[in-house]
Amino acid sequence: MSIQHTFGTGRIMEPIYQFQTEAHPVEMDLFRSKPVRRLQFLHHFGAAALCTPLTHSRLEHTVGVWSLTAHFCPEDLPLRIAAIVHDIGHLPFSHAVERTLRFNHHRHTEQFILQGEVAEILTNYGFKPSNIVDILKKESPLKNPTSILGLDHLDTYLRDTYRAGKQLQPPSELIRRLHLRGYLLEAQDDEAAAALAHYIVEGHRLQLEPQHVAMDALLAKAVTHHCEAQPEMKRHLPFLMDHELLHALMHSRNGIAQETIRVLMFEPHRIQIGSQPVPGSIEASFGSVPKKQPLLREKPAAEASFQVAVKLAELESLAGTYFFSIA
1 MSIQHTFGTG
11 RIMEPIYQFQ
21 TEAHPVEMDL
31 FRSKPVRRLQ
41 FLHHFGAAAL
51 CTPLTHSRLE
61 HTVGVWSLTA
71 HFCPEDLPLR
81 IAAIVHDIGH
91 LPFSHAVERT
101 LRFNHHRHTE
111 QFILQGEVAE
121 ILTNYGFKPS
131 NIVDILKKES
141 PLKNPTSILG
151 LDHLDTYLRD
161 TYRAGKQLQP
171 PSELIRRLHL
181 RGYLLEAQDD
191 EAAAALAHYI
201 VEGHRLQLEP
211 QHVAMDALLA
221 KAVTHHCEAQ
231 PEMKRHLPFL
241 MDHELLHALM
251 HSRNGIAQET
261 IRVLMFEPHR
271 IQIGSQPVPG
281 SIEASFGSVP
291 KKQPLLREKP
301 AAEASFQVAV
311 KLAELESLAG
321 TYFFSIA
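Below, the structure written as structure tokens:
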């Protein structure tokens, strides 16, 4: 079984979870569509992919979320479809640029589902695009607004920590010790819940590492200055891939955008991180981090396990304010 995601056959291999999943024809056509294939060229970990080994793509994440959905909900084809298209509205480098430019990737995802190639594929197979949008808006195993972990975030925590070498056990083993209670993810025992709490905390620690946040903040600065010099760029951003954005910034008419992206790509050692502002610095503040967790014995894991509660309490130490500049 090939691990290449060319989607040339009906079976798809997910190497982290060791799943070999049979795809429905509509799923194969969606995986082959341009909006989904584009995700192969977006870094899931944002601009920090330029200075870390965390270079996995948003398509890898999408295949992971879909594989998890097919594992836990094999007969729920609409939910499996929603997993495939749940991220197609992301901008290049994902959240790094979206926050600063106030792009809502959820809204762009909905637009890409409701019109264009994805909508045509869904309609051809008898699915209403609006129904898939509705699935992404409601509580489901894929994602939910409660403190209980959904499959989307589950893959993020497991994939990021796996790529960073911070796993306690192979994700393929941990996944098989989880199940659904209704639409909520539940750990089978205390050990599995504690392992998952470790991945959640370490995943947040990676995301909020000051150097990683600095890369995102400075990329957003470069894009902002570039868009000021070339306002039409903002219309094109939802369709670009990471390398296209990098090329545009390297050839920007704005000198600040050019210099900033040059530092990110070739001189990241010049990035300065401090606790106090300096002239021209960028401020980033992190408040409370949501304590996502599985169920354990039908209750939020932190209520059922002292070990999990202690581990998740570490998230409180991640709050802080930093200032970034270029030396």
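In case it helps, full-length UniProt numbering puts the sequence shown at residues 1 to 327.
Heads up, the beta-carbon is just placed ideally off N, CA and C, and yes, glycines get one too.
At which residues does the alpha helix (DSSP H) containing residue i begin and terminate?
{"i": "residue 191", "result": "190-207"}
{"i": "residue 21", "result": "Here residue 21 belongs to no alpha helix (DSSP H); instead the beta strand (DSSP E) covers 19-22."}
{"i": "residue 235", "result": "233-236"}
{"i": "residue 124", "result": "117-124"}
{"i": "residue 312", "result": "306-312"}
{"i": "residue 255", "result": "255-266"}
{"i": "residue 172", "result": "171-175"}
For chain D, check one thing: does any of its Cβ atoms lie closer than 8 Å to the Cβ of residue i?
{"i": "residue 16", "result": "No chain D is part of this structure, which consists of one protein chain only."}
Tell me the DSSP secondary structure of residue i in three-state form.
{"i": "residue 88", "result": "coil"}
{"i": "residue 9", "result": "coil"}
{"i": "residue 297", "result": "coil"}
{"i": "residue 321", "result": "strand"}
{"i": "residue 1", "result": "With a pLDDT of 49 at residue 1, under the threshold of 50, the predicted position of this residue should be treated as unreliable, though the coordinate-derived value follows. Correct three-state label for residue 1: coil."}
{"i": "residue 284", "result": "strand"}
{"i": "residue 67", "result": "helix"}
{"i": "residue 219", "result": "helix"}
{"i": "residue 138", "result": "coil"}
{"i": "residue 98", "result": "helix"}
{"i": "residue 251", "result": "coil"}
{"i": "residue 127", "result": "coil"}
{"i": "residue 211", "result": "helix"}
Which stretch, first to last residue, makes up the beta strand (DSSP E) that contains residue i?
{"i": "residue 187", "result": "184-187"}
{"i": "residue 43", "result": "Premise fails: residue 43 is in no beta strand (DSSP E) and is neither H nor E."}
{"i": "residue 54", "result": "Run containing residue 54: none; DSSP gives neither H nor E here."}
{"i": "residue 179", "result": "178-181"}
Can the beta-carbon of residue i be found closer than 8 Å to that of residue j?
{"i": "residue 127", "j": "residue 84", "result": "no"}
{"i": "residue 192", "j": "residue 177", "result": "yes"}
{"i": "residue 281", "j": "residue 319", "result": "no"}
{"i": "residue 322", "j": "residue 252", "result": "no"}
{"i": "residue 206", "j": "residue 156", "result": "no"}
{"i": "residue 35", "j": "residue 240", "result": "no"}
{"i": "residue 214", "j": "residue 256", "result": "no"}
Looking only at DSSP bridge pairs, what is residue i linked to?
{"i": "residue 272", "result": "325"}
{"i": "residue 14", "result": "19"}
{"i": "residue 148", "result": "293"}
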